[in-house]
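Before any comments, here is the structure.
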Amino acid sequence: MRKQRAFLKWAGGKYSLVEHIRRRLPPAEKFVEPFVGAGSIFLNTDYEHYLLADINPDLINLYNLLKEQPENYIFEAKRWFISENNCKEAYLDIRLQFNSTNDIMYRSLAFLYMNRFGFNGLCRYNKKGSFNVPFGSYKKTYFPEAELEFFAEKALKATFICKGYQDTFRGVSKGCVVYCDPPYVPLSITANFTSYVRSGFSLDDQVSLADVAEKAALERDIHVLISNHDTKLTRRLYHRAHLSVVEVKRSISRNGNGRNKVDELLALFRPKKCLRDRLIVEN
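Just so we're aligned, residue 329 is where the sequence shown starts under my numbering, counting upward by one.
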């Protein structure tokens, strides 16, 4: 299966981990992803049905619009990717209009534009809910037409919902497999605690997610795979899961210049039957 790139740039995107994650996902009737983000795993797996969730309504509205009106959305989006819009003044004007309108089509088109023309592909809102990523100052910006077309076709198998991980898990039943890519635990909790809490996903959420994943595996007979940084904390959180470590290159500086090797932890919570079979083999 040829690897497919997402049409959105995304912090913490899983394109580089596709093979490692795909290898650990068992067959199932439905693939569920509570933190879909740019959708790299969705695009690079082959399940019959998908349930894809995120708490960002702009992201989910864009996906649903692209699914329902692919030709119209791509045609309109392409008109934004012109040299006249590749300047700070145009970017700030579009960002201002985005923050002052509730029109779903405009917001979805502007969201893609700001993702590609904004700084580092960041997606960030202030406390008032206004998008506040600065202009990126790129010499040339790529319009991801082929990626949009592939996503739109694949989206026919998917249901996109704007819900948090707990609500998404409530809709999970036997026959599903779940992959969770939550906001990562900082490599250094002490150094990054303040900025981490501001991300909206607290340490309590990390604990809760691990608990929800384990219960879903044991009580509903499903596999749940979670990715996160490999830290003492995450190893404690996922100590009942099957753990494996993958080394990846990742930009860890705010300006995106530095790329260092970082260990990522893949934690697979298994159903009771799999745990019993494993014990029998080991004994």
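Each residue gets a CB set at the ideal place from its N, CA and C atoms; glycine is no exception.
Inset, instruction - Tell me whether A412 is buried or exposed, calling it buried when 16 or more other Cβ atoms sit within 10 Å of its Cβ. - result: Checking the displayed sequence, the identity of residue 412 turns out to be Glu instead of Ala. Burial is judged here by how many other beta carbons sit within 10 angstroms of a residue's own beta carbon; E412 has fewer than 16 and is exposed.
Legend entry - Rounded separation between S572 and G464 - CA only: Using only the alpha carbons, I get a separation of about 36 Å.
Legend entry - Local Cβ density within 10 Å of G457, reported as buried at 16 or more and exposed below that: Of the other Cβ atoms in all chains shown, fewer than 16 fall within 10 Å of the Cβ of G457; this residue is therefore exposed.
Legend entry - Three-state class that DSSP yields for A339 in the structure shown: Coil, per DSSP.
Inset, instruction - Could you check what DSSP says for A438 in three-state terms: helix, strand or coil? - result: Helix at A438.
Legend entry - Member of V461, V576, N427, R333 whose CA lies at the smallest distance from the CA of N372: That would be R333, whose Cα lies nearest to the Cα of N372.
Legend entry - Entirely enclosed alpha helix (DSSP H) segments - the segment 378-420, minimum 4 residues: Fully enclosed alpha helix (DSSP H) runs of 4 or longer: 385-396, 398-406.
Inset, instruction - Can you tell me the Cβ-Cβ gap for Y566 and A544, rounded? I've got them flagged as a contact below 8 Å. - result: With 8 Å as the limit, Y566 and A544 do not qualify as a contact, their Cβ atoms being about 14 Å apart.
Inset, instruction - Reducing DSSP to helix, strand and coil, say where D533 ends up. - result: In this structure, D533 counts as helix in the three-state DSSP scheme.
Legend entry - the segment 474-482 touching the segment 334-353, judged by at least three CB pairs closer than 8 Å: Look at the beta carbons and you see the segment 474-482 touching the segment 334-353: at least three pairs across the two are nearer than 8 Å.
Legend entry - Reduced DSSP secondary structure (H/G/I, E/B, other) of H348: In the three-state reduction of the DSSP assignment, H348 falls in the helix class.
Inset, instruction - Have a look at K416 and R423 and give me their C-alpha separation to the nearest angstrom. - result: Rounded to the nearest angstrom, the gap between the Cα atoms of K416 and R423 is 10 Å.
Inset, instruction - With DSSP as the reference, label I550 as helix, strand or coil. - result: I550 falls in the coil class under three-state DSSP.
Inset, instruction - Inspect the beta-carbon positions of A381 and V505 and report whether they are closer than 8 Å. - result: No, these two residues do not count as a Cβ contact at 8 Å.
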